[in-house]
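A.B. asks: Right, I'll just put the structure down here and ask away after.
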Amino acid sequence: MNNILEIGKYKAHISYDPEIDMFRGEFIGLNGGADFYAKDIDSLKKEAETSLKVFLDVCQEKGIQPEKTYSGKFNLRVDPELHHMIALAAKAEDVSINEWVKNRCVENLRQ
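Read left to right, the sequence shown gives residues 863 to 973 (the numbering used here).
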């Protein structure tokens with residue numbers, strides 16, 4: 863995936879902020895904020911490691927689970943024509959709409 867930095871099992875989204883002329887990273891899927899900034903990639907990686915360590919240390923001290931939990935459910939709103947097309951495609955593959963969308967997401971994320 864583009865713009866994703868991995869530190870151990872944790873992932874951070876990386877972007878460039880032109881207003882401050884720095885890269886910005888933010889860890890994804892945590893129960894709190896753990897962001898970091900740097901001018902270059904090597905420094906960004908070091909800052910990411912430091913930010914994550916501080917976050918995990920605080921979680922441990924306070925007895926907080928560092929990672930968010932997900933229910934496995936979310937609502938998705940699409941145009942009625944797209945809904946119709948997905949329903950047709952799912953029926954053609956003899957699967958539910960839920961299974962069809964899940965399969966497409968998994969395929970896309972593996973690329």
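Cβ atoms here follow ideal geometry from the backbone N, Cα and C, with glycine treated the same way.
Alpha carbon to alpha carbon, how far is ILE866 from TYR872?
C.D. replies: Residue 866 sits at position 4 when you count from the first residue of the sequence shown. Residue 872 sits at position 10 when you count from the first residue of the sequence shown. Whole-angstrom Cα-Cα distance: 10 Å.
A.B. asks: Is it right to say GLY894 is buried, meaning 16 or more other beta carbons lie within 10 angstroms of its own, or is it exposed?
C.D. replies: Working through the sequence shown from its first residue, we reach residue 894 at position 32. So GLY894 counts as exposed.
A.B. asks: Output needed for PHE889: all residues of its chain with C-beta closer than 6 Å, excluding positions within five of it in sequence on either side, in chain order.
C.D. replies: Here residue 889 refers to the residue found at position 27 of the sequence shown. Closer than 6 Å at Cβ, skipping near neighbours: TYR872, ALA874 and ALA896.
A.B. asks: Using 8 Å for Cβ pairs, my map puts LEU914 next to PHE885. What's the rounded Cβ distance?
C.D. replies: Within the sequence shown, residue 914 is the residue found at index 52, counting from 1. Within the sequence shown, residue 885 is the residue found at index 23, counting from 1. In fact, because the Cβ distance is near 16 Å, the residues do not count as touching under 8 Å.
A.B. asks: Out of curiosity, what's the CA-to-CA distance linking LYS964 and GLY925?
C.D. replies: Here residue 964 is taken as the residue at index 102 of the sequence shown, counted from 1. Here residue 925 is taken as the residue at index 63 of the sequence shown, counted from 1. Whole-angstrom Cα-Cα distance: 34 Å.
A.B. asks: Which first and last residues belong to the alpha helix (DSSP H) in which ILE948 is found?
C.D. replies: Indexing the sequence shown from 1 puts residue 948 at position 86. Run containing ILE948: 942 to 954, per the alpha helix (DSSP H) assignment.
A.B. asks: Please state the DSSP three-state secondary structure of ARG966.
C.D. replies: Counted from its first residue, the sequence shown places residue 966 at position 104. It is helical.
A.B. asks: Measuring CA to CA, which of GLY934, PHE898, CYS967 and ARG972 is closest to ILE882?
C.D. replies: Here residue 882 refers to the residue found at position 20 of the sequence shown. The residue with the shortest Cα to Cα distance from ILE882 is PHE898.
A.B. asks: Hey, how far is the Cα of ASP879 from the Cα of ILE903?
C.D. replies: Start at 1 with the first residue of the sequence shown, and residue 879 comes out as number 17. Start at 1 with the first residue of the sequence shown, and residue 903 comes out as number 41. C-alpha separation (whole angstroms): 14 Å.
A.B. asks: Report yes if the C-beta distance between ALA900 and GLU911 is below 7 Å; otherwise report no.
C.D. replies: Within the sequence shown, numbered from 1, the residue matching residue 900 stands at position 38. Within the sequence shown, numbered from 1, the residue matching residue 911 stands at position 49. No.
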